[in-house]
Every structure is written in structure tokens, then in C-alpha cells.
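Asker: Before I ask anything, let me first share the structure, which is written out below as C-alpha cells.
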Amino acid sequence: MYNLKTMQQQKQQGQKIVLLTAYDYPTAQMAVAGGVHYLLVGDSLGMVCLGYESTVFVTMEDMISHVKAVKRGAKDAFIIADLPFMSYATVADAIKNSGRLLQEGGAAAVKLEGGADFTSQIKALINNGVPVMGHLGLTPQSVNVFGGYKTQVADKKTALKLLADAQALQEAGVFAIVLEMVPAQIAELVTKELNIPTIGIGAGNRCDGQVQVFHDISGLFTDFTPRQAKKYVDACLLIQQAISDYVKEVQEDSFPSPSNARCIDNELLEQIKNHLESC
């Protein structure tokens, strides 16, 4: 059984930690079958599942619904759920909404974006029994402030702030920190400075682990693959071909075949026909 203690042991022993996003029952099942033990129900579901332009539009109801589905598909996985935009603006909000993700959704922990400004929320959550993962670097919920999805550490000042924020989150009690779109050298420095695991996405290979979006590594979108991702299979093309074959066979009347149909006994069929004729 993988848990927070296991993750910490992996860092100490130099074993890479693997996380993958999951958003519903089948993706959770596939992730676990593929060997992933830590699942992140990210608010990225707003973009990859719901078609929003950013994660800002994701609601608590969206998150709870998807977390519940993932839990049903991966009962033994360690499930981390994102707190969506504005759901942890205050300590009271953070406690209430985190409680819902754990009690209603079945998550084991929550993740929130932001640095030292959110240590009050983090401490309050931990004091109330909620494990918290941090998230620094590119924080997608703040895309409107940043002006786009781009690397956030570009000079000495921003690099030192990232390091200070990471230390602040560790002192507040987070069990790990996601570093998104952080220069690889800076991510390595943060990893060496911290006692807790770092999980990279677009932050090089010197973090303690990696997290990727299910749809990106599976190739479920043909038009775009983020730089920080690797497409391991063109699932979208495979699925489109399957659909195309289905359409063709239906139109040609070759599907469904007799093997796809259910039939009744001929004697019973004759009885039904005779009844209809007599009426």
C-alpha cells in the first residue's frame, strides 16, 4: 500500500516517484494497471475533460464528481485532489472544501497552488488531519496574473523567491511539492535543499519524481503536445480509426454480425408469428 510514508522513503532511498493524473473510472483503472500508485485528480480536468480554456472555471462540484469516479477505479491508490480556484482563499474555505474532497470524494490528500502566502491554510489543514501537497513555479490557477503558460523563474530574484517559498511550504508541513515549468537547474537546487519530495513537470529529471497528464502521454489530443510531455502512443488516432471502421461497417451492414446478436428459439419465434397472424 503506497502512502505518504512510502513516498518519503522513496526520496530517501533515491527511488523515483511516479504520479499520473486520472479524471474518471477508466483512466484510474488504466493508470493503476500500468503501475502507477499515486494518482492526481488535477483541476486540469477542466481543460482536458470539460473543454475549458483554463483551470479557473473548475468548481468544487466538478472536482468531487471526478475524485469519486477515480476512487471507484483505483481503490488502493493514493489519490491527491486539487483544490480548485478560490476554494482555499481563506482558512475556513480551505478546511471546508478539503474536508469535502476527503469525505465526499474519497481523496487521501489535497494539493494547493502558491507559496508562503498560503502557509496559514496549509497549517490549518494539517492540524485538522488533511495531508497537503504544495505546487510552485507555473501555477495554472494564476494564469491570468502571469499572462500565459510560461516559465516563471527567469532571474535571480524569482529563483530565490521560489527557494524561499519551497522552504516555507516545507516548514508549514506539506508532504511534497510539485515544481511546474521551473528551469531544471533551479529544480535540482530546490530538491537538494528540501527534506520532502519534489515532483517535477517540465522541471527536468533531477526532481524526486515526475507527474504527467494522462491525456498528454496517451496522445489523446492530436493537435498539441506540451513541451514538458512525451507522447508514448497516438491513442487519439487509434480511437478515431476504430470509430471510422465502426461507421463503415454499420453503413455496409456488416455490423452487427450474427455473433453480435441475441436470438430466440425458432419454435418460440413461430409461435409469436402465428399469434400475430391470428390477430
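According to the working numbering, the sequence shown is numbered sequentially starting from 1446. Using N, Cα and C, we set each Cβ at its ideal position, and we do this for glycine too. For clarity, every value in this text was computed on a predicted model and none was experimentally measured.
Anyone know if the C-beta pair for residue 1500 and residue 1576 falls short of 9 Å?
Answerer: Not closer than 9 Å, so no.
Asker: By DSSP, does residue 1524 sit in helix, in strand, or in coil?
Answerer: Three-state result, residue 1524: strand.
Asker: Do residue 1647 and residue 1611 have their C-beta atoms within less than 9 Å of each other?
Answerer: Not closer than 9 Å, so no.
Asker: For residue 1559, which three-state DSSP category applies?
Answerer: Of the three classes helix, strand and coil, the one that applies to residue 1559 here is strand, per DSSP.
Asker: Using only alpha-carbon positions, find the residue among 1474, 1493, 1524, 1459 that is nearest to residue 1658.
Answerer: If we check each option's Cα against that of residue 1658, 1493 comes out closest.
Asker: Tell me whether the beta-carbon of residue 1470 lies closer than 9 Å to the beta-carbon of residue 1486.
Answerer: Their beta carbons are not under 9 Å apart, which means residue 1470 does not touch residue 1486 by this criterion.
Asker: Around the C-beta of residue 1639, are 16 or more other C-beta atoms found within 10 angstroms, so that it is buried, or is it exposed?
Answerer: The residue is buried, with at least 16 neighbouring Cβ atoms inside 10 Å.
Asker: Applying the criterion that 16 or more other CB atoms from any shown protein chain within 10 Å of the CB defines a buried residue, is residue 1628 buried or exposed?
Answerer: Buried: at least 16 other Cβ atoms inside 10 Å.
Asker: What residue range is occupied by the uninterrupted alpha helix (DSSP H) comprising residue 1695?
Answerer: Residues 1680-1696.
Asker: Can you find the residues in the same chain that come closer than 8 Å, C-beta to C-beta, to residue 1474, ignoring five residues on each side of it along the sequence?
Answerer: The answer, listed in chain order, is 1518, 1519.
Asker: Does the Cβ of residue 1529 have 16 or more other Cβ atoms within 10 Å, making it buried, or fewer, making it exposed?
Answerer: Residue 1529 should be labelled buried.
Asker: Below 8 Å, can you find three or more Cβ-Cβ pairs linking the segment 1450-1465 to the segment 1652-1667?
Answerer: The segment 1450-1465 is in contact with the segment 1652-1667.
Asker: Could you check whether residue 1553 and residue 1571 sit closer than 9 Å to each other, using their CB atoms as the reference points?
Answerer: No, Cβ-Cβ distance for residue 1571 and residue 1553 is not below 9 Å.
Asker: Tell me whether the beta-carbon of residue 1446 lies closer than 9 Å to the beta-carbon of residue 1521.
Answerer: Going by C-beta atoms, residue 1446 is nearer than 9 Å to residue 1521.
Asker: State yes or no: is the C-beta of residue 1674 within less than 9 Å of the C-beta of residue 1662?
Answerer: Yes, the Cβ-Cβ distance between residue 1674 and residue 1662 is below 9 Å.
Asker: I'd like to know whether the C-beta atoms of residue 1730 and residue 1664 end up nearer to each other than 9 Å.
Answerer: The structure shown does not extend to residue 1730, since the chain spans only 1446 to 1724, so no value can be given for it.
Asker: Could you pull out every unbroken alpha helix (DSSP H) segment of at least 4 residues lying fully inside the segment 1455-1524, listed in chain order?
Answerer: Segments of the alpha helix (DSSP H) lying fully in the segment 1455-1524: 1470-1478, 1490-1493, 1505-1518.
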